[in-house]
Amino acid sequence: MPLKHTILIVDDEKNTREGLLWSLEGEAYDVLTAATGEEGLEIIRSRDVHLLITDLKMPGMDGMELMAGTREESPATAVVILTGHGTVESAVEAMKQGAFHYLIKPVNLDELGQVVERALTQRDLREENKALREQLENRHGFESIIGESRAMLDVFDRVRQVAPTRASVLLTGESGTGKEVIAAAIHYNSDRRAKRFIKLNCGALTTTLLESELFGHEAGAFTDARKQKIGRFELADGGTILLDEITETAPEFQVKLLRVLQEKEFERVGGTETIRVDARVIAATNQDIEQAVAQGRFREDLYYRLNVIQIVVPPLREREEDIALMVQAFLDEFCKANGKPALRIAPRALALLRQYSWPGNVRQLRNVIEGMVVLASGREIGLKDLPPDIRSAGAPRKNVALRIGSSLEDMEREMIRATLEHNGGNRAATARTLGVGRKTLYRKIEEYGLGTPSVP
9 MPLKHTILIV
19 DDEKNTREGL
29 LWSLEGEAYD
39 VLTAATGEEG
49 LEIIRSRDVH
59 LLITDLKMPG
69 MDGMELMAGT
79 REESPATAVV
89 ILTGHGTVES
99 AVEAMKQGAF
109 HYLIKPVNLD
119 ELGQVVERAL
129 TQRDLREENK
139 ALREQLENRH
149 GFESIIGESR
159 AMLDVFDRVR
169 QVAPTRASVL
179 LTGESGTGKE
189 VIAAAIHYNS
199 DRRAKRFIKL
209 NCGALTTTLL
219 ESELFGHEAG
229 AFTDARKQKI
239 GRFELADGGT
249 ILLDEITETA
259 PEFQVKLLRV
269 LQEKEFERVG
279 GTETIRVDAR
289 VIAATNQDIE
299 QAVAQGRFRE
309 DLYYRLNVIQ
319 IVVPPLRERE
329 EDIALMVQAF
339 LDEFCKANGK
349 PALRIAPRAL
359 ALLRQYSWPG
369 NVRQLRNVIE
379 GMVVLASGRE
389 IGLKDLPPDI
399 RSAGAPRKNV
409 ALRIGSSLED
419 MEREMIRATL
429 EHNGGNRAAT
439 ARTLGVGRKT
449 LYRKIEEYGL
459 GTPSVP
């Protein structure tokens, strides 16, 4: 993160430029100003600008054109739109096209400071996450770590915090959410990156085979053990080992795994030599591990050893804003892999993909896109190309799903979000549906960070 952010203010009104300059200069920002969109774009081309604050209506190049030019010249630059009351709809359209937020003139300076801080924080997070993804692109399913949603930004932030440490990590989340890719991100952003990243699906093996795979065995240890075998823990010495489906293991195996975590040593199956290892352990599960502990299926002491840091990988249905990014990435990948010209997806088809609940998560989305690319006969994927189950799920949702254990705040937030979506972003209609005043609704939208493009 730069020590000092650079902000560019573009407005044809001198008083507005100078007022915003005066307000922000005291916040230790490097603030530049321009009176026209053309002048602003020249600055964007010549300087590293972190945040653009631009008026929407200006002579010559207006704010929308300047934003489009900025996205082409400097995609990392965040954009905040200034607008009058009469052009709010245009500002909402600008947000749909990528603006972070809009402010209504005359600008409330306290609100300005808060919006600027949030915009720069999100911009910095995205740039750091982009660097993290680029390290994984060639090795570990780059597509599975695509995401700019708040939920995934939180995951990326936790990965950055955890990676440099020696702490054990427990990854939880539904099947297909990308837990293995997150584990790889932790390993390849740690000081263990030069050593091996070893993976094992514990649920696919019997206890005997699991012990042989992890700890190795000596020749003659059992009927088919014709020669000595080095186990996964030894292979991961100095590196990282991922134990997937950890809750599927038997109690007798859990005892042996606990010893490795506590003492960093074990014996091969059928052997007497004690082997010491230094391997970071990342465990993953798609089950409720706390429930497994409560039911006695998983050792409580092992749970605490593994759960030093827990990262919850969110399901795709909670990352709706990431779906368009993933769809495009998968389209590019599979068009290239199958020797097909670039395909585009029709807006209505994309809308259904975003609305679908994706029980198989990212893995299912990837498979669906691959199938559609293989069968595509034209240059555009439309409604007819979608699988039947996704087409049939296209009816407007009338119910809101809430998890048991959700807080009242979580329930209120989800109800407001879902009702906004049902009403097409119309806040007045949403307020009527929920039986609350507009001011109350606007306050709640701001409080819960639901400032999505909307119709007042």
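For the sequence shown, my numbering begins at 9 and goes up steadily by one. For each residue, glycine too, the CB sits at the ideal point set by N, CA and C. As the structure is a computational prediction, the values presented were derived from the model and not from experiment.
Our contact map puts R3 next to Y450 with C-beta atoms below 8 angstroms; I'd like the distance itself, whole angstroms only. Given that the chain is displayed from residue 9 to residue 464, the structure contains no residue 3 and the question cannot be resolved.
Can you give me the C-alpha to C-alpha distance between L218 and I453, rounded to a whole angstrom? Roughly 50 angstroms separates the two Cα atoms.
Count the other C-beta atoms from every protein chain shown that fall within 10 angstroms of the C-beta of G379, then say buried if there are 16 or more, exposed otherwise. G379 should be labelled exposed.
Which two residues bound the contiguous beta strand (DSSP E) that contains T438? According to the DSSP assignment, T438 belongs to no beta strand (DSSP E) but to the alpha helix (DSSP H) extending over R435 to L442.
Three or more C-beta pairs closer than 8 angstroms, one from the stretch 358 to 373 and one from the stretch 183 to 198: is that the case here? Yes: the two stretches touch, three or more of their Cβ pairs being nearer than 8 angstroms.
Buried or exposed: where does F261 fall if 16 or more other Cβ atoms within 10 Å of its Cβ makes it buried? F261 is classed as buried because its beta carbon has at least 16 other beta carbons within 10 Å across all chains shown.
Buried/exposed call for P259, threshold 16 Cβ in 10 Å: Exposed, by the Cβ-count rule.
Tell me which residue opens and which closes the alpha helix (DSSP H) that K272 is part of. No alpha helix (DSSP H) contains K272, which DSSP labels as neither H nor E.
Three-state secondary structure assigned by DSSP to Y37: Judged by DSSP in its simplified three-state form, Y37 adopts coil rather than helix or strand.
Given a cut-off of 8 angstroms, decide if L29 and L41 are closer than it, judged by their beta-carbon atoms. According to the sequence provided, residue 41 is Thr. The question's Leu does not apply to it. Yes, these two residues count as a Cβ contact at 8 angstroms.
Taking just the CA atoms, how far does C343 sit from S220? Near 41 angstroms, if we compare the C-alpha coordinates of C343 and S220.
Can you tell me the Cβ-Cβ gap for T287 and F241, rounded? I've got them flagged as a contact below 8 angstroms. Going by the sequence as given, residue 287 is Ala instead of Thr. The beta-carbon separation of A287 and F241, rounded to 6 angstroms, stays under the 8 angstroms limit for a contact.
Thinking I249 and V277 are a contact (beta carbons under 8 angstroms), I'd like their distance in whole angstroms, please. With a Cβ gap of about 17 angstroms, I249 and V277 do not count as contacting.
Under a three-way DSSP split, which group does R288 fall into? Collapsing the DSSP output to three states places R288 in a strand.
Inter-residue Cα distance where the pair is T14 and F164: Looking at the two C-alpha atoms, the distance is approximately 25 angstroms.
First through last residue of the beta strand (DSSP E) which encompasses V170: From DSSP, V170 is part of no beta strand (DSSP E) but of the alpha helix (DSSP H) over R158 to V170.
Determine the burial state of M419: buried for a count of at least 16 other Cβ atoms within 10 Å of its Cβ, exposed for fewer. The C-beta of M419 has fewer than 16 other C-beta atoms within 10 Å across all chains shown, which makes the residue exposed.
Please go through the stretch 159 to 228 and give each complete beta strand (DSSP E) segment of 3 or more residues, from N-terminal end onward. Segments of the beta strand (DSSP E) lying fully in the stretch 159 to 228: 177 to 180 and 205 to 209.
Please classify L16: is it buried, with 16 or more other beta-carbons within 10 angstroms of its beta-carbon, or exposed? In this structure L16 is buried. Its beta-carbon is surrounded by 16 or more other beta-carbon atoms within 10 angstroms.
For E13, which of helix, strand or coil comes out of DSSP? The identity of residue 13 in the sequence shown is His, whereas the question assumes Glu. Three-state result, H13: coil.
Report yes if the CB atom of L310 is closer than 8 angstroms to the CB atom of L251, and no otherwise. Their beta carbons are not under 8 angstroms apart, which means L310 does not touch L251 by this criterion.
So the alpha helix (DSSP H) V96 belongs to, where does it begin and stop? Here the alpha helix (DSSP H) through V96 covers V96 to K104.
Please specify which runs of the alpha helix (DSSP H), each continuous and at least 4 residues long, are wholly inside the stretch 337 to 369, giving them in chain order. For the stretch 337 to 369, whole alpha helix (DSSP H) runs of length 4 or above, ordered along the chain, are 355 to 363.
Short CB-CB distance (under 8 angstroms) between I206 and chain B: Judged by its chain identifiers, the structure shown contains no chain B, having just a single protein chain.
Determine, using beta-carbon pairs with one atom in the stretch 346 to 357 and one in the stretch 316 to 325, whether at least three such pairs fall under 8 angstroms. Output reads no: the stretch 316 to 325 does not touch the stretch 346 to 357.
List in chain order: all unbroken beta strand (DSSP E) runs of 3+ residues lying wholly within the stretch 42 to 69. The beta strand (DSSP E) runs lying completely inside the stretch 42 to 69 and spanning 3 residues or more are 59 to 63, given in chain order.
Neighbourhood of L178 by C-beta, 6 angstroms cutoff - its chain only, sequence neighbours within 5 removed: The beta carbon of L178 sits closer than 6 angstroms to the beta carbons of A291, L314, N315 and Q318 from its chain, once the five residues preceding and following it are set aside; these are given in chain order.
Closest Cα partner of E273 within the set E188, S385 and A244: Nearest C-alpha to E273: A244.
On the three-state DSSP scale, how would you describe D252? Three-state result, D252: strand.
Where does H148 land, buried or exposed, given buried means 16+ other C-beta within 10 angstroms? Unreliable placement is indicated for H148, whose pLDDT of 47 sits below 50; the coordinate value is still reported in the next sentence. Label assigned to H148: buried.
Out of P114, E136, E308 and F108, which one is the CA nearest neighbour of G125? The question names Gly, yet the displayed sequence has Glu at residue 125. Each of P114, E136, E308 and F108 was checked against the Cα of E125, and the nearest Cα belongs to F108.
Using alpha carbons as the reference points, say which of R399, G445 and D330 lies closest to R134. Cα-wise, what sits closest to R134 is D330.
My assumption, with CB atoms under 8 angstroms, is that L410 sits in contact with E422. Please give the rounded CB distance. Rounded, the Cβ-Cβ distance is 6 angstroms, consistent with contact.
C-beta atoms of A102 and L64 nearer than 8 angstroms: In this structure, L64 lies closer than 8 angstroms to A102 by Cβ.
Between M160 and R327, which are expected to be in contact by the criterion C-beta below 8 angstroms, what is the C-beta distance as a whole number of angstroms? Between M160 and R327 a beta carbon distance of about 6 angstroms is seen, short of the 8 angstroms cut, so the two are scored as contacting.
In terms of residue numbering, what span does the alpha helix (DSSP H) encompassing L465 cover? Given that the chain is displayed from residue 9 to residue 464, the structure contains no residue 465 and the question cannot be resolved.
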